[in-house]
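Protein chains in written order, with the working numbering: chain G, 1 to 234; chain Y, 1001 to 1290; chain E, 2001 to 2360; chain F, 3001 to 3348; chain R, 4001 to 4260. A virtual CB, placed ideally from N, CA and C, is assigned to each residue, including glycine.
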Ligand SMILES: Nc1ncnc2c1ncn2[C@@H]1O[C@H](COP(=O)(O)OP(=O)(O)OP(=O)(O)O)[C@@H](O)[C@H]1O
Ligand SMILES: Nc1ncnc2c1ncn2[C@@H]1O[C@H](COP(=O)(O)OP(=O)(O)OP(=O)(O)O)[C@@H](O)[C@H]1O
Ligand SMILES: [Mg+2]
Ligand SMILES: [Mg+2]
């Protein structure tokens, strides 16, 4: 479904990705793990078009998307839930969710999806008219996750979705991710909670210093000595 | 008493024009975060457009208004595309200085083209004022007030009730994330600036005939507009409207009952006082730390 | 080989319109003189510089004209603060300047012997008005004046004269130079018990005041002072609101025959029209015309284009100016007197959209 | 390395009156120098605390009026018959008083800036300048209002054992301005390189964080405002005694804009920025004057400003030093886009 | 280890935003040298409690004192001066400065000299300057960013910025450190290292109040845990008690966490 070949990109001359190739198959849940600064977020940003690649190619569902701008990427069916929440601080919770459905014109179904998110995250339902910038960190994270789902993507990318969430909400969030996968949405997941991520994914990639150094089924990576030592704390 | 009533009526009329000046700038300064020194020039431009269309081309006054507004829109779009777009992502002071450069150049351009002698525009309104008891007010100004109210309401609805308005606000709060939502941020930048500019031109087109038209007419208007926007709270349309009336009230009463020499000082003192009491304007956005 | 005369005027900035008028008048004078063979057998050349309506620039321009262009005499610099800023330079380089417009009394009273002014300061205007004020039957007057040396000076000198004449003085309101909305001041004046309003400001604000006074239903006798009113522009822009207003002017382009030098006036107006300028500009531009002719006459009298000689000669000239004889009288502290000439002052009235002499 | 460059520049500037014989250019250099001192003081606020004072000319003007009134004397009536009469003092006293009075006003505005920030600060400063202008305009008894204060004497420096040195000629004034500029420069440089300067930077970039590590906002901003205002006041005093006439137009907005142009085009937050920007935009009108029509000069002025910013958006000095450090092989500082920009000001 | 002298005392603290009660009648203490964790569901009021303790918010009711000094009405910088320093839940750095300059700004309290000394460049000012520069290098090494010390903080990855945030707080020389989700964005191994870091800090006598959702970390490092829900304390005690408290499991931990 998504194929990246030898992608290089960076910020102002310094390469953060030094030639990355990866594949995501339709319906799969693919995890991307790595240390701080390894380039995980940069990979997601490159896919969604926030940072332009300096070389390499990106193909989504057979269409070449190399260098496409974010709106086009989203329109083609890829949603990106960015790292660090990035909610629109001076807009209400409801407006933030509506922004997630910006490209959709089916108003009634949008409302339905929104209610669905309120059911998933009752905390947000209590806060509909609150300015998103005044929400607590975890509440903002829930909002960011909900907002990304509002576009009804075929591929959804989460960048550290569990960040700042209470344990029970983390659990629930992973359940939601599994649920949307089961409903047919492909998922690309970046997680610091490597144990959980590897446990639930079909396939995983390990990034170090802007390169992919290991890939395989999640269970295989969990068993890997190097991964255990460097990422699973044991 | 009758003098006081007259002051109040003046305040209403003046406040309406101030509010109109304020809302265009709220879009560009409050929402886009561009310290827009060309706002006054666009106001002047709108006024000269009226002069050209009415006095030189002989068109109908009411038809000329939309022409001026559209011309302001186009000029705003051009400014955004040529001056602001290449500097996207630079800090606010850099774009401010570019706007200063454009202001200086465009104002001198106006002087070059039209000369320094003031122009005026004939209007279809009767010269005799509307007199109600001790109070009188000109028909033209009433028309301006009505038109201003219309534009203000339209802008309010645009920003707060439409998808485009939502996208505008989102874009300037976090432009990367807005683009992740599918917003064409380039288009939003250009159209926000253009809409703000067309409002400035509309203000000029409406007020030009009330006053007289000359190249520096926008300077004072711009300073007042900045003050109004800040008074109301950045990016808040309702705030800008109320700010406009407060400034008008301060000036009227200052001139009427304190001293005409300190007329403008009253306005500025009010601004200082308000900001000391409420450091982020009358309608502050809620913020939090941590 | 030409004789240079420096012209230091605001061509950009707030006073651009007036400065440009003055320069246009100056050019007419220079061409007229040159067409007649120049002075001392040489053509004159105007070195025109823009002082940007800014005192610092006005001083810099004077510096340039004197040291770079080596002009032996200058004309300038329109506004009082512009002229005042130039004055130290005149002392420094001992170069005389003909002041064509500025009205502050400080200019001729602060002991600068290089200043020769042909514009009337407020006391001169007030003195001229004194002659006719009885016939106007004023009882009580309010003032609305521009908040600068000119407006404030006028309010002071006219009030003093009124009080001497037994006329009461009511409100004295001011407005900022750039102000566009005077409704607040006018509302206050509307409520006062005076029957007359004296207004001093430039033509643009006068237009606004007449329009706004009409809109407020203010019914008072309005008299403007200062001679920069430009009635034609007022009539064009204020329409009926200008009817009934009276104006103290120093130049009568509408009635060339009533001016001190009808032929010169006719010539000037013809030239002005020939160049396609707005007739309305005459009331300001004639100052530039007179200023250059004054400077030229002094050079001629001096016999050489040298500053010291010109300065001496300026005391001795007698030029038939468009608004009266230009003869300089001493003004200011002894030993360092500046020159001041006494132009004529007239009262005109606008009625039915036309300018007429006020019949008294 | 830097020190040598500084000394060479100062020596070069000091030699100018020895070979430049054109009084017109000297005059332009002196007035430009005075505005550069004003710009340097503005840079302390804008470049190092991030607070844009669009009313900076207020301090400049207050300095000018203080100095002029001190040396001219005044007589004002309060409560009817009671009069405050001030006999003229030597201008040099006016110079120092200008620094003190402007500094005090800086203190006032600094206390205000404790509450308002960013755009709100900009408007408070504009308003302050306007109010000061209107007071200068309307308090005729003290300031002569629009009638202007003229015949302001030149500064005279008493030299022990000799007669006083009267700063009347351009030669004198040039060195006077240069000396004040160098002192101001050194003061500002020392200040911003000390922990005070770092505290200012911290407040500029992330106030919440700065406060949380113990930086006192009020104290830091007030200190910056006082020093900045005092230096602007010194510049204003030099202006008054050099031009020798001041009127309320000194508070004109365009004068602040000129300083802002000098600072940002040269590079805010860089010590050399206002000097480079100041020389370019201070002297440009002199070179434009002979070659084009007056309106065109302004258009060119605005155009050059825009072009410089297009080519060097950070301002001249920072952009060039970046270029230099790149050539020397140092890692260029990347743009902090991503989340960083979001963190600086907006709420959680 | 703990000397049982209360360092921080939070008494009857309540605050609301408009109609929303974020904290009501909050009471707890942290003893000198203790590591206490404050946990609870999202939006329970933990960060708000931090904001009140460090002076960024004024409580509607109640008071806070540190080492006997009431903190009411003190400004955040004054509280930092007393020795209470916090980190932020959101990444918080000086983005346009290098890591080195970030730390120098953080070292503000250690680099104070009088204005004239700084302006005249007197010896004491220079000596202080040298000392803080050394300290900045030390701190950067300590959080493992020594190699990147001349990179702009804004160009670091999320996790790296969080490390800078902690280093900044340490630079301020706290006697009590309040950490708001310090290990969010770190993986298990990095968290492990960080736990060592915290223990290390505590062993130098710094009291620590921690907010964190990473339960394994909280359980392993805390002496005591305070649990908040909807602005109220619902449980308080040592890790083992909290882990098995049904109310806490219900409101916060969820079923899976029981095994952590
Ligand atoms: N805006 C930026 N400007 C310059 N460099 C950047 C920028 N953003 C990231 N980098 C650099 O690119 C590299 C990869 O960063 P990235 O954000 O992709 O890391 P990550 O794997 O997501 O780390 P983390 O787990 O901490 O989020 C890092 O070395 C970082 O310093
Ligand atoms: N300025 C504010 N205006 C309105 N509501 C606010 C404000 N600050 C906080 N709140 C609300 O108060 C509640 C407590 O917020 P707080 O940030 O303290 O939660 P928290 O316990 O830190 O949560 P998290 O674990 O998600 O960080 C939240 O519901 C939040 O929406
Ligand atoms: Mg990341
Ligand atoms: Mg929190």
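In the three-state scheme derived from DSSP, where H, G and I count as helix and E and B as strand, residue 1071 of chain Y is classed as helix. For residue 3037 of chain F and residue 3188 of chain F, the gap between their C-alpha atoms comes out near 11 Å.
Only those residues of the stretch 4210-4240 of chain R whose C-beta falls short of 8 Å from the nearest C-beta of chain F would be listed, and there are none.
Residues of chain R with a Cβ closer than 7 Å to the Cβ of residue 3216 of chain F are, in chain order, 4077. Those residues placing their Cβ nearer than 7 Å to any heavy atom of ligand 3 are, following chain order, G/40, G/41, G/83, G/159, G/160, G/190, R/4157, R/4158 and R/4159.
A Cβ-Cβ distance of about 6 Å is found for the pair residue 2023 of chain E and residue 2007 of chain E, placing them in contact under the 8 Å criterion. Counting along the chain, the unbroken beta strand (DSSP E) around residue 2168 of chain E starts and ends at 2168-2175. With the criterion CB distance below 5 Å from any heavy atom of ligand 2, the matching residues run G/134, G/135, G/136, G/137, G/138, Y/1288, R/4017, R/4022, R/4042, R/4043, R/4044, R/4045, R/4046, R/4047 and R/4048 along the chain.
Distance between residue 3238 of chain F and residue 2346 of chain E, taken at the CA atoms: about 45 Å. Residue nearest to residue 1149 of chain Y within the set Y/1005, Y/1014, Y/1003 and Y/1020 is Y/1020 (criterion: CA-CA distance). For residue 2227 of chain E, the number of other beta carbons within 10 angstroms of its own is at least 16, and it is reported as buried. Distance from the CA atom of residue 3160 of chain F to the CA atom of residue 3092 of chain F, rounded to whole angstroms, is 14 Å. Ligand 1 has a heavy atom closer than 7 Å to the beta-carbon of residue 12 of chain G. Taking a 10 Å sphere around the C-beta of residue 129 of chain G, we find fewer than 16 other C-beta atoms and assign the residue as exposed. Remark: the shortest separation between the CB of residue 3103 of chain F and any heavy atom of ligand 1 does not fall under 7 Å. Runs of beta strand (DSSP E) with 3 or more residues, each lying fully within the stretch 4126-4209 of chain R, are found at 4176-4180, listed in chain order.
For residue 2012 of chain E, the closest Cβ of chain F is nearer than 8 Å. At a threshold of 7 Å, residue 193 of chain G does not count as near ligand 1, since its beta carbon sits no closer than that to any of the ligand's heavy atoms. For ligand 4, a non-hydrogen atom lies closer than 7 Å to the CB of residue 4180 of chain R. The Cβ atoms of residue 127 of chain G and residue 1174 of chain Y do not sit closer than 8 Å to each other. With fewer than 16 other Cβ atoms from the protein chains shown falling within 10 Å of its own Cβ, residue 3082 of chain F counts as exposed. Residues of the same chain with a CB within less than 7 Å of the CB of residue 3297 of chain F, apart from the 5 flanking positions on each side, are 3285, 3288 and 3289 in chain order.
By the rule that beta-carbons nearer than 8 Å mark a contact, residue 231 of chain G touches chain R. Using a Cβ distance threshold of 8 Å, residue 1072 of chain Y and residue 1045 of chain Y count as a contacting pair. In this structure, the alpha-carbon of residue 1224 of chain Y lies about 33 Å from that of residue 2086 of chain E. Contact of residue 3265 of chain F with chain Y by beta-carbon distance below 7 Å involves 1097. By the Cβ criterion, the stretch 3171-3187 of chain F is not in contact with the stretch 4040-4059 of chain R, since fewer than three pairs of Cβ atoms, one from each stretch, lie closer than 8 Å. In the DSSP assignment, residue 2249 of chain E forms a beta bridge with E/2346. In terms of beta-carbon proximity, residue 2104 of chain E lines the interface with chain F, with at least one pair separated by less than 8 Å. In this structure, residue 3062 of chain F places its C-beta atom within 8 Å of the C-beta atom of residue 3233 of chain F.
DSSP places residue 4230 of chain R outside both helix and strand once states are collapsed to three, so it counts as coil. Buried is the label assigned to residue 90 of chain G, since at least 16 other Cβ atoms lie within 10 Å of its Cβ. Remark: C-beta atoms of residue 1134 of chain Y and residue 1061 of chain Y do not approach each other more closely than 8 Å.
Listed in chain order, the positions of the stretch 28-58 of chain G with a beta carbon within less than 9 Å of a beta carbon of chain Y are 45, 48, 49 and 50. Contact check between the stretch 2290-2298 of chain E and the stretch 2106-2124 of chain E: three or more CB pairs, one atom from each, fall below 8 Å, which counts as touching.
Annotated as distal: residue 3098 of chain F and residue 3229 of chain F, with beta-carbon spacing of 8 Å or more.
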